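J.:
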Amino acid sequence: MTHRDWVRLDNASNIFLAARSAADPKVFRLSAEVDHDVDPELLQQALDETYDRYRLYHAVLQSGLFWYYLQDSDLHPLVTADEQHTCAPIYQAGRRNLLFRVVHHRRRISLEVFHALSDGTGAAWFLSDLVNAYIRLRHPDSDRSPQLEDSTGAHEAPAEPVHGLSIDSFADYFHQRHQSPASGSVFSRAARSATSSFVNSSPSPADRWKISRLRRPADKKVHRVGGTRTPDNRTRAVELTMPTDAVLGLARAADVSLTMYLTALFFESIRISSGGLGRARTLAASVPVNLRQFFPSESARNFFATVRVEHTYGRGEDDLGSICKQLESQFLPQATHEALEKKLRWFIRVERMPGLRIMPRPLKDVILGMANRHSNRGLSVAVSNLGRMSLPEPADSHVGRVLFHVSAVRPQFCATSHAGLLAVSFTSPFVETDHIREFTRMLTAEGVDVTVAAERVTEQEIAEGRS
Amino acid sequence: MRRCPECSIAIEGAWTHCPLCAAPVVGAAVPSPLPTVPLTFSRRRLLKVLFLTSIAVIAGSLAAQLLLGHKPEGFGVLRSGWLGVTAMWLVVLMAVRKRRNVAKGTIYLVVLIGLVCVYWDYLTGWRAWSLTYALPIVCASSIAALLITVRAMRFEATEHILDSGLAAVLGLAPIVFLAFGWVTYPLPSALCGGFSILALVLLQLARGREVRLELARRLHV
């Protein structure tokens, strides 16, 4: 019997374990809509194929005295019909199960992932390979040319399975002094954290001081969105589909990025739906930034940092264009190589603090949980834009919308675009959809065609849906 | 596709009212891309309440027994029955709670049963039957039980190896009782100690490397 490979879970991933709750199991879903009803058997074959190449996805989560671990397993994933609500819990302490699932419903192939395993970009790689494998099986004829290309080496495919357990992007980028015992294996290479190659130049005391200055000022009270919890704590997901070009045109007209334009719209819709915000007049959003853009990494593990942007109403100009500009001017300096590097160094320093390392894991959970609650108090909403998805051929021409849902502790939206369709998926632990209504009406008022699909969450809605 | 004239949006799925503004919708329905999932109710909260209540009642019962004195003459059928039920409840509760990890559950049970026996012995005037007979029997049985379970359930080494090792180490405790002269009859403790030493030696010979790797993993700082 061989000893299983394992890698330690980094703090960035640990926080998902500490922060998960009944309403927010820290699961996200990526779905691709194909041009026919999904064939479960072919999808299973495609999954088997893809799963073999993604060693990281073989991992189960185990706990040690000081850390959680991702450990290699022999488990085998099964494709199932989509019978649970979106982003249903995956990880349950004490159970050795895989940290992802693949489900299908009508034309959709959905990949759901526990966030401690991977982030949106990592999961997008898996999904695009899965969908591509599926489309190749479904349309064997379309397969010829890319295969030929592969065999001649024109298309550079990884010679051996990558995406294994070991690439913890954070550790990879910064430092890898403490290599896990299995650091040479496929699993551990694939699962290593991504920060581990970033080391050795420790920041000056002045830099440390600047990091501590990132704390928010105390005088601005952040508006937090409340509501009625869904009856069984499921995530209320509402998908808005619209032509990408139309919305991009609006963002360009405001001279800001799409993400910041949508964030400003989100702020406006919260303000309108809450009837003017009341006394807490600052809205703040957390925006994850994919660090692979700045620090190239092959790791499918979590490798992102969040940037916080905010707007206080009643202090200067409050029209949409001004909010857009303000948000963009806050976002851009935080999303540079230097700023993110500073953030990462801070992460790594915390990760390596001796006092924290010898702290037993349950205590770490409590502390990370408190840190998470503290940061939640400073946030009204969250926004995540995965950007334009590009799928390999033949999948690309058979896939329409790609959708991205995240279980949420606060109202949130995730955007992604494919095939000229921008899908903005709102998720929230609350039944209310007022902010989504305002958001949609602002878009339709600008002449954008919006199609809405919503998860049924209340007893009445479900009864209507089943009749 | 259905449309909401108020929001001027198209709606996927057979909604009779707009999911955003609740106004009546018009047009023909198309199927929703999202399934309609019936409400589910998690029993987790209920189980948690039951567990905590049970622990409170068990702890209360054990404490109450202490208040009623610890002389053999005051310990009648009623108190024996009460203590028996309490102990049984505790054991069942822990066995159910730890059902997903049999090896770890066994360790929990050995420790709990050992403590209950010692406490019971104390309540009935301390005749050292717990240390002489009960503990050696429980410890030795747990090692045997783990040996059988591990084979029967085809566990992976990583799942049980440390717990099996721990069970064998716990089995050394009766040797300590013997050394300090806490027992009234030496044979059970000696047998249990010998059995544990044998188990530890075998574990070291057959799986020494795995034990070390597993310890390194679990204790990794």
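Here the protein sequences line up with chains A and B, keeping their order. Be aware that the first sequence starts at 23, since it is given in my numbering, and climbs by one per residue. Be aware that the second sequence starts at 430, since it is given in my numbering, and climbs by one per residue. Even for Gly, the Cβ is constructed at its ideal location relative to N, Cα and C. Given the structure is predicted, the values throughout are model-derived calculations rather than measurements.
Identify, in the order they occur along the chain, each residue of the same chain with its Cβ nearer than 7 Å to the Cβ of Val-454 of chain B, setting aside the five sequence neighbours on each side.
T.: Here the set comprises Arg-431, Arg-432, Cys-433, Ile-440, Trp-444, Thr-445, His-446 and Cys-447.
J.: Please confirm whether Pro-384 of chain A has its beta-carbon closer than 9 Å to some beta-carbon of chain B.
T.: Chain B contact via Cβ: absent.
J.: Excluding sequence positions up to five away, which residues of its chain have a Cβ less than 6 Å from the Cβ of Cys-96 of chain A?
T.: At residue 96 of chain A the sequence reads Asp, which differs from the Cys that was named. Around Asp-96 of chain A: no qualifying Cβ.
J.: Based on DSSP bridge pairs, tell me the residues matched to Thr-473 of chain A.
T.: Answer is A:Thr-263 and B:Ala-439.
J.: Would you tell me roughly how many angstroms separate the C-alpha atoms of Val-421 of chain A and Ala-103 of chain A, rounded to the nearest one?
T.: Cα to Cα, Val-421 of chain A sits roughly 19 Å from Ala-103 of chain A.
J.: Suppose you measure from the CA of Leu-632 of chain B to the CA of Glu-363 of chain A; what does that come to, to the nearest Å?
T.: For Leu-632 of chain B and Glu-363 of chain A, the distance between alpha carbons rounds to 48 Å.
J.: Among B:Gly-594, B:Thr-613 and B:Gly-623, whose alpha-carbon lies nearest the alpha-carbon of Leu-634 of chain B?
T.: Taking only the C-alpha atoms, the option nearest Leu-634 of chain B is B:Gly-594.
J.: Going by DSSP, what residues sit across from Leu-133 of chain A in a beta bridge?
T.: Answer by DSSP bridge pairing, in chain order: A:Leu-52 and A:Val-124.
J.: Considering Ser-138 of chain A, what are the terminal residues of the beta strand (DSSP E) in which it resides?
T.: It should be pointed out that residue 138 of chain A corresponds to Ala in this sequence rather than to Ser. Run containing Ala-138 of chain A: none; DSSP gives neither H nor E here.
J.: Is Pro-467 of chain B closer than 9 Å to Arg-128 of chain A when the C-beta atoms are compared?
T.: No, Cβ-Cβ distance for Arg-128 of chain A and Pro-467 of chain B is not below 9 Å.
J.: Hey, how far is the Cα of Met-582 of chain B from the Cα of Ile-590 of chain B?
T.: Near 14 Å, if we compare the C-alpha coordinates of Ile-590 of chain B and Met-582 of chain B.
J.: Might you give, ordered along the chain, the residues of its own chain that have their beta carbon closer than 8 Å to the beta carbon of Ile-536 of chain B, omitting 5 neighbours on each side?
T.: The answer, listed in chain order, is Ser-571, Asp-592, Leu-595, Ala-596 and Leu-599.
J.: Mind checking Arg-243 of chain A: buried by the 16 CB within 10 Å criterion, or exposed?
T.: For the sequence presented, residue 243 of chain A should be read as Lys rather than Arg. The residue is exposed, with fewer than 16 neighbouring Cβ atoms inside 10 Å.
J.: For Ser-618 of chain B, tell me which candidate among B:Val-630, B:Thr-578, B:Ile-626 and B:Ile-604 has the shortest Cα-Cα distance.
T.: Minimum Cα distance to Ser-618 of chain B is reached at B:Ile-604.
J.: Counting only Cβ-Cβ distances shorter than 9 Å, please list the residues of the stretch 568–579 of chain B near chain A, keeping chain order.
T.: Against chain A - using a Cβ distance shorter than 9 Å - the stretch 568–579 of chain B contributes no residues.
J.: What do you reckon, are the CB atoms on Ile-438 of chain B and Val-82 of chain A nearer than 9 Å?
T.: Not closer than 9 Å, so no.
J.: Could you spell out where the beta strand (DSSP E) holding Val-421 of chain A opens and where it closes?
T.: It spans 421–428 - the beta strand (DSSP E) in which Val-421 of chain A sits, taken as one unbroken run.
J.: On the DSSP bridge list, what partners appear for Thr-281 of chain A?
T.: DSSP lists no partner for Thr-281 of chain A.
J.: Does Arg-463 of chain A come out as helix, strand or coil in the three-state DSSP assignment?
T.: In the structure shown, Arg-463 of chain A sits in a helix (DSSP, three-state: H, G or I).
J.: What does Phe-470 of chain B touch in chain A if you count any residue whose Cβ is under 7 Å from its own?
T.: Within chain A, the residues near Phe-470 of chain B are Asp-254.
J.: Kindly say whether Ala-302 of chain A, judged by its beta-carbon, lies nearer than 9 Å to any beta-carbon of chain B.
T.: Output row for Ala-302 of chain A: interface = no.
J.: Does Ser-461 of chain B have its Cβ less than 9 Å from a Cβ in chain A?
T.: Cβ-Cβ to chain A under 9 Å: yes for Ser-461 of chain B.
J.: Flag this pair as yes or no: are the beta carbons of Val-125 of chain A and Gln-106 of chain A separated by less than 9 Å?
T.: A contact, by the Cβ cut-off of 9 Å.
J.: Which residues in chain E have a C-beta closer than 7 Å to the C-beta of Tyr-91 of chain A? List them in chain order.
T.: The structure shown has no chain E; the protein chains it does contain are A and B.
J.: Among A:Ile-484, A:Gly-409, A:Ile-458 and A:Glu-71, which one has its Cα closest to the Cα of Val-260 of chain A?
T.: Per the Cα distances, A:Ile-458.
J.: Between the alpha carbons of Phe-624 of chain B and Arg-636 of chain B, how many angstroms are there, rounded?
T.: Computed Cα separation, rounded: 17 Å.
J.: To the nearest angstrom, how far is the alpha carbon of His-58 of chain A from that of Thr-438 of chain A?
T.: About 21 Å.
J.: Using only alpha-carbon positions, find the residue among A:Glu-320, A:Lys-347 and A:Arg-301 that is nearest to Ala-273 of chain A.
T.: Minimum Cα distance to Ala-273 of chain A is reached at A:Lys-347.
J.: Could you pull the start and end residues of the alpha helix (DSSP H) that Pro-310 of chain A belongs to?
T.: First-last for Pro-310 of chain A: 304–312, but that is the beta strand (DSSP E), not the alpha helix (DSSP H).
J.: Can you check whether the C-beta of Ala-457 of chain B is within less than 9 Å of a C-beta belonging to chain A?
T.: It does not: the Cβ of Ala-457 of chain B has no partner Cβ on chain A nearer than 9 Å.
J.: Quick check on His-127 of chain A - is its C-beta less than 9 Å from some C-beta in chain B?
T.: Yes, because at least one Cβ of chain B sits closer than 9 Å to the Cβ of His-127 of chain A.
J.: Does the CB of Ser-517 of chain B have a neighbour CB from chain A at under 9 Å?
T.: Inspection of the sequence shows that residue 517 of chain B is occupied by Met rather than by Ser. False, the Cβ-Cβ gap to chain A never drops below 9 Å.
J.: Check whether chain A comes within 9 Å of Gly-594 of chain B, counting only Cβ atoms and requiring the distance to be less than that.
T.: No, Gly-594 of chain B does not count as interfacial toward chain A.
J.: Over the uninterrupted alpha helix (DSSP H) stretch that includes Val-455 of chain B, give me the two end residues.
T.: Looking at the DSSP string, Val-455 of chain B is not in any alpha helix (DSSP H), and its letter there is neither H nor E.
J.: Please report how far the alpha carbon of Ala-286 of chain A lies from the alpha carbon of Ile-345 of chain A, in whole angstroms.
T.: Going by the C-alpha atoms only, they are around 6 Å apart.
J.: Mind listing the chain B neighbours of Gln-106 of chain A? Cutoff is C-beta to C-beta under 7 Å, in chain order.
T.: Neighbours of Gln-106 of chain A on chain B, chain order: Val-466.
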